[in-house]
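Participant: Structure provided below as structure tokens; questions to follow.
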Amino acid sequence: MKWHLLAVGQRLPDWAEAAYEDYAKRFPPEARVHLRTVKAEPRSSGKPVEALMAAERQRLEAALPKGARLVVLDERGDRCTTAALAQRLRQWQLDGIDVAFVIGGPDGLDPALRDAAHWRLRLSDMTLPHALARVLLIEQLYRAWSLNTGHPYHRE
Numbered sequence: 046m047k048w049h050l051l052a053v054g055q056r057l058p059d060w061a062e063a064a065y066e067d068y069a070k071r072f073p074p075e076a077r078v079h080l081r082t083v084k085a086e087p088r089s090s091g092k093p094v095e096a097l098m099a100a101e102r103q104r105l106e107a108a109l110p111k112g113a114r115l116v117v118l119d120e121r122g123d124r125c126t127t128a129a130l131a132q133r134l135r136q137w138q139l140d141g142i143d144v145a146f147v148i149g150g151p152d153g154l155d156p157a158l159r160d161a162a163h164w165r166l167r168l169s170d171m172t173l174p175h176a177l178a179r180v181l182l183i184e185q186l187y188r189a190w191s192l193n194t195g196h197p198y199h200r201e
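Numbering (this note's numbering) for the sequence shown: 46 to 201.
Following this line, the structure appears as structure tokens:
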């Protein structure tokens, strides 16, 4: 099983890039998170928001690994503790299916992509900038992985 993170937006602030890379390099080679970014549709184009999100959806769908379980980050998604995420990841690992976590663009995800998801995950009840959401997701994946491997990173 491989983990993939697909995100709209290619350029992160330096602080977010450094934080993301810090967590990404902590995973062992067999548990790496594979990051793929897609270009955000220019907001200055004058197109309606729906058209912008649809264009981003097409790019994300093209980048999705074939047959992967689709998990979208969505403010209306399910709340989840780290322990519950670890349990879910453990079950998915037993299923042997790749998992793709998707972070949308500035306006969120196109409803068709949200509706196609196997799971909608909410990282917080608060609004997060996309750079911070990417860092928070990789940190929680690392924490869940470490919990599943018995590493003392997670404390209850």
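Here a beta-carbon is modelled for each residue, glycine too, at the ideal position from N, C-alpha and C.
What is the rounded straight-line gap between the Cα of Arg71 and the Cα of Val94?
Facilitator: Arg71 and Val94: Cα-Cα distance of roughly 37 Å.
Participant: I'd like the list of long-range same chain contacts for Arg81, defined as Cβ closer than 6 Å, with 5 residues on each side in sequence excluded.
Facilitator: Correct list, in chain order: Leu51 and Ala108.
Participant: For Gly150, which residues in the same chain have their Cβ closer than 8 Å to its Cβ, ignoring the five residues on either side in sequence?
Facilitator: Counting only Cβ-Cβ distances below 8 Å, and skipping sequence neighbours, we find Val53, Gly54, Ala85, Glu86, Leu97, Met98, Glu101 and His175.
Participant: Within the chosen definition, does the segment 137 to 155 reach the segment 110 to 127 through at least 3 CB pairs nearer than 8 Å?
Facilitator: Output reads yes: the segment 110 to 127 touches the segment 137 to 155.
Participant: To the nearest angstrom, report how far apart Trp137 and Asp67 are at their CA atoms.
Facilitator: If I take the Cα positions, the gap works out to 25 Å.
Participant: Closest to Thr126 by C-alpha separation, out of Gln185, Ala63 and Ser191, would be which residue?
Facilitator: Among Gln185, Ala63 and Ser191, the Cα nearest to that of Thr126 is on Gln185.
Participant: Alpha carbons only, please: which of Leu134, Leu181 and Ala157 is nearest the one belonging to Met46?
Facilitator: When only C-alpha atoms are compared, the closest one is Leu134.
Participant: Would you please state the rounded distance, in angstroms, between the beta carbons of Arg165 and Arg121? I believe it to be under 8 Å.
Facilitator: Right, their Cβ atoms sit about 7 Å apart.
Participant: If you draw a straight line from the alpha carbon of Ile183 to that of Trp48, how long is it in whole angstroms?
Facilitator: The straight-line gap from Cα to Cα measures roughly 10 Å.
Participant: Ala61 to Leu173, Cα distance in whole Å?
Facilitator: Their backbone Cα atoms lie some 13 Å apart in a straight line.
Participant: When you compare only the Cα positions, how much space is there between Val83 and Gly195?
Facilitator: Each residue's alpha carbon lies about 34 Å from the other.
Participant: In chain order, which beta strand (DSSP E) runs of at least 3 residues are fully inside the segment 57 to 134?
Facilitator: Here the runs fully enclosed are 78 to 83 and 114 to 123.
Participant: Specify the secondary structure class of Ile148 as computed by DSSP and reduced to three states.
Facilitator: The answer is strand: DSSP assigns Ile148 an E or B state.
Participant: Quick one: give me the first and last residue of the beta strand (DSSP E) that His49 is part of.
Facilitator: Unbroken beta strand (DSSP E) run through His49: Trp48 to Val53.
Participant: Mind listing, in chain order, the continuous beta strand (DSSP E) runs of no fewer than 3 residues lying wholly within the segment 152 to 188?
Facilitator: Qualifying beta strand (DSSP E) stretches, in chain order: 164 to 166.
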